[in-house]
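Novice: Numbering (full-length UniProt numbering), first residue to last: 1 to 604. Have a look at the structure that comes next, please.
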């Protein structure tokens, strides 16, 4: 009778698992991401205008405030990833982050609505110099609101994309265990499509925000302009919670950073020990690694052999009970976790400068657009921040064409299901981004030339008689670059990171954006100081400045960055994985460096 009950419970549990995960969860996860991204873009896209026009901050200070905020928002995902992977799990981390974000949005709405939280408008008859900038108290309220949204981003950004991919990992593993190579490949293809779908829906939300919300901010008021994104954020929380019964919710495997620190400590303790020539002599423990290797254990590699010392068994490493002291002894799997992270860091770092190059699209380029002819009709002007719509449209078109046209054509040449590897896709994106920054420099030369021809160099508030649509190429090229590089960057980090560190891998994606924004601040500050007193490149009057020189500097850095990426790619080795079968036999899936170049069996 007990056996029958146990069997029945097992069948019910299996049926419950079958009802979880897969594309059935996507409406809830992607609806949450659409609302979240709509809220983020809705107040972030035009924030430079709010800082300069409403709070009366100087351009360079406003630009640095914005890039620092973006950098902090992309840095806090490290904290969120740590919480998700260590103890909270991805679902509850997303919920906590959403609540913090909601509080920040409400504080921002209050700062826009209450007259005491913003300076008085400039007198119509006076110049910009007579405008009173925001007080320290008013800026403190703004910074508190931005801090709350940054903390919220820390919970949402590293977990949503990984949480969505978790819904497919179980299906792929089941097909692999059943020996269905074709079915497993199909499951892998569905996960690959998910990454494209994730960025596509994210782009749709940004597109909606750049058209609707920015127009409301410019023409109706900042209260409604910030209020609508706050409402969208609330809706995203409700929708996400509604899908709770359908989600695959993986258990956290303990702090990944603690495990990495343990490997480093054990290796350093045994730094004088000789590494055995036979890797089979290194310490293994399936039960210890079970929770952090559900898709299979990582196999030993011959790179970074210094860390192999952590898996050498010495007297005192294992207690009488058989339990290892993890600060003295690590398993091969845990050592390879650290190696995997170290190996992917050089390629990951190539995305930092990509964020630096993109950061000016939300600051200087908007100020350029404000000085140009923005009329669509005699009575309607396109808001400057809405120009970012062309980046989003180009990215959406690029993602659609990539899946429907580029991949089938490339598949005929390479024989790969994905057409090209994510390494190649990222390299193409980095190359295209160079063209985007170069086109920005050329357009600025033309805009500044038009200002000089019409005697407007000393009239920063005047409209230069040149169409704002000259800025479209740089926005569009940047969007196409995003379609290639950002998706490939995220897929690479998720795929090559240890499975117990996938939230941390997603956090690395946002960390590169954070460092890129901070680098943008450093670059702007350095350029301003270096050119002060001798033809200042960056100044409030951009007609007298030399933005084109700044863009050419960034272009040069991007060329060097592409070369750096190609060198890192040449020396990269993919992680080797041992897949556990149902009969407890083990199948080695060696993902070697040859596969990254398009050979069979490689992860792409």
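Just so you know, even glycine gets a beta-carbon here, dropped at the ideal spot from N, CA and C.
Quick check on the DSSP output: the beta strand (DSSP E) that includes residue 464 runs from which residue to which?
Specialist: Where residue 464 is concerned, the enclosing beta strand (DSSP E) stretches over 464-467.
Novice: List the endpoints of the continuous alpha helix (DSSP H) containing residue 229.
Specialist: Start and end: 222-242.
Novice: So, are the CB atoms of residue 475 and residue 406 less than 8 Å apart?
Specialist: No; because the gap between Cβ atoms is not below 8 Å, this pair is not in contact.
Novice: Taking the CB atoms as reference points, tell me whether residue 30 and residue 211 lie closer together than 8 Å.
Specialist: Not in contact: residue 30 and residue 211 (Cβ atoms no closer than 8 Å).
Novice: Using the C-alpha atoms, what's the distance from residue 59 back to residue 513?
Specialist: Approximately 22 Å, taken between the alpha carbons.
Novice: Using the rule of at least 16 other Cβ atoms within 10 Å of the residue's Cβ for burial, across every protein chain shown, is residue 36 buried or exposed?
Specialist: Its Cβ being crowded by 16 or more others within 10 Å, residue 36 is buried.
Novice: Give the C-beta separation of residue 355 and residue 430 to the nearest angstrom, bearing in mind that I take them to be a contact with Cβ-Cβ under 8 Å.
Specialist: Contact doesn't hold; Cβ gap of about 12 Å is too wide.
Novice: Going by C-alpha to C-alpha distance, which of 145, 550, 133 and 503 sits closest to residue 122?
Specialist: Taking only the C-alpha atoms, the option nearest residue 122 is 133.
Novice: Name, in chain order, the residues that DSSP records as bridge partners for residue 644.
Specialist: Absent from the model: residue 644. The displayed extent of the chain is 1 to 604, so no value can be given.
Novice: Please identify the residue among 266, 461 and 80 whose C-alpha is closest to the C-alpha of residue 255.
Specialist: Selected option, being the one with the closest Cα: 80.
Novice: Would residue 149 and residue 343 qualify as a contact pair, given that the criterion is a beta-carbon distance under 8 Å?
Specialist: Taking 8 Å as the Cβ cut-off, residue 149 and residue 343 do not qualify as a contacting pair.
Novice: Hey, out of 403, 221 and 232, whose CA is closest to residue 53's CA?
Specialist: Measuring from the Cα of residue 53, the nearest candidate turns out to be 221.
Novice: Would you call residue 571 buried or exposed, if buried means 16 or more other Cβ atoms sit within 10 Å of its Cβ?
Specialist: Classification of residue 571: exposed, given that the 10 Å Cβ count is below 16.
Novice: Relative to the C-alpha of residue 42, which residue among 214, 159 and 417 is closest?
Specialist: It is 214.
Novice: Let me make sure I understand the geometry here. Which of 241, 135 and 105 has the alpha-carbon closest to that of residue 115?
Specialist: Ranking the options by Cα distance to residue 115, first place goes to 135.
Novice: Restricting to Cα atoms, I'd like to know which of 264, 309, 515 and 83 is closest to residue 154.
Specialist: Checked all of 264, 309, 515 and 83; the closest Cα to residue 154 is 83.
Novice: Return helix, strand or coil for residue 529, following the three-state DSSP convention.
Specialist: Note: residue 529 maps to helix in three-state DSSP.
Novice: Report yes if the C-beta distance between residue 527 and residue 538 is below 8 Å; otherwise report no.
Specialist: Contact flag set, yes.
Novice: Any chance you could list the beta strand (DSSP E) runs of at least 3 consecutive residues sitting entirely within the stretch 382-459, in chain order?
Specialist: Here no run is fully enclosed.
Novice: Where does residue 612 fall in DSSP's three states?
Specialist: Since the first residue of the chain shown is 1 and the last is 604, residue 612 is not available in this structure.
Novice: For residue 584, count neighbouring Cβ atoms within 10 angstroms of its own Cβ and tell me buried if that reaches 16, exposed if not.
Specialist: Because the pLDDT of residue 584 is 47, which lies under 50, any placement of that residue in the model is unreliable, and the number read from its coordinates should be weighed accordingly. Label assigned to residue 584: exposed.
Novice: What are the uninterrupted segments assigned as alpha helix (DSSP H) that are 4 or more residues long and contained completely in the stretch 306-360, given in chain order?
Specialist: Runs found: 332-359.
Novice: Can you tell me whether residue 177 is helix, strand or coil according to DSSP?
Specialist: With a pLDDT of 49 at residue 177, under the threshold of 50, the predicted position of this residue should be treated as unreliable, though the coordinate-derived value follows. Three-state result, residue 177: helix.
Novice: How big is the Cα-Cα spacing for residue 402 and residue 207?
Specialist: Distance between the alpha carbons of residue 402 and residue 207: 19 Å.
Novice: Going by alpha carbons, who is nearest to residue 546 out of 452, 329 and 248?
Specialist: Comparing Cα positions, the closest option is 452.
Novice: Please report how far the alpha carbon of residue 458 lies from the alpha carbon of residue 477, in whole angstroms.
Specialist: Computed Cα separation, rounded: 31 Å.
Novice: In chain order, what residues of the same chain have a beta carbon less than 8 Å from the beta carbon of residue 251, not counting five sequence neighbours either side?
Specialist: Counting only Cβ-Cβ distances below 8 Å, and skipping sequence neighbours, we find 89 and 291.
Novice: Note down, in chain order, each residue of its chain lying with its Cβ closer than 7 Å to the Cβ of residue 144, except the 5 sequence neighbours on either side.
Specialist: So the list reads 107, once near-sequence residues are dropped.
Novice: If distances are taken between C-alpha atoms only, which option among 193, 28 and 140 comes closest to residue 404?
Specialist: With distances taken between Cα atoms, residue 404 lies closest to 193.
Novice: Between the C-alpha atoms of residue 203 and residue 393, what's the straight-line distance to the nearest angstrom?
Specialist: Computed Cα separation, rounded: 8 Å.
Novice: Assign residue 377 to buried or exposed, taking buried as 16 or more other Cβ atoms, counted over all protein chains shown, within 10 Å of its Cβ.
Specialist: Residue 377 comes out exposed.
Novice: Could you name the residues of the same chain whose beta carbon sits closer than 6 Å to that of residue 158, not counting the 5 residues immediately before and after it, in chain order?
Specialist: Same-chain partners within the cutoff: 77, 80, 81, 503, 506 and 507.
Novice: With C-beta atoms as the reference, is residue 363 less than 8 Å away from residue 63?
Specialist: It is a contact, given that the beta carbons lie within the stated cut-off.
Novice: My assumption, with CB atoms under 8 Å, is that residue 283 sits in contact with residue 311. Please give the rounded CB distance.
Specialist: Indeed, because the Cβ distance is near 5 Å, the residues count as touching under 8 Å.
Novice: Closest by CA to residue 294, which one among 511, 501, 548 and 456?
Specialist: If we check each option's Cα against that of residue 294, 501 comes out closest.
Novice: Could you work out which residue in 454, 288, 433 and 530 is closest to residue 483 when comparing CA atoms only?
Specialist: Comparing Cα positions, the closest option is 433.
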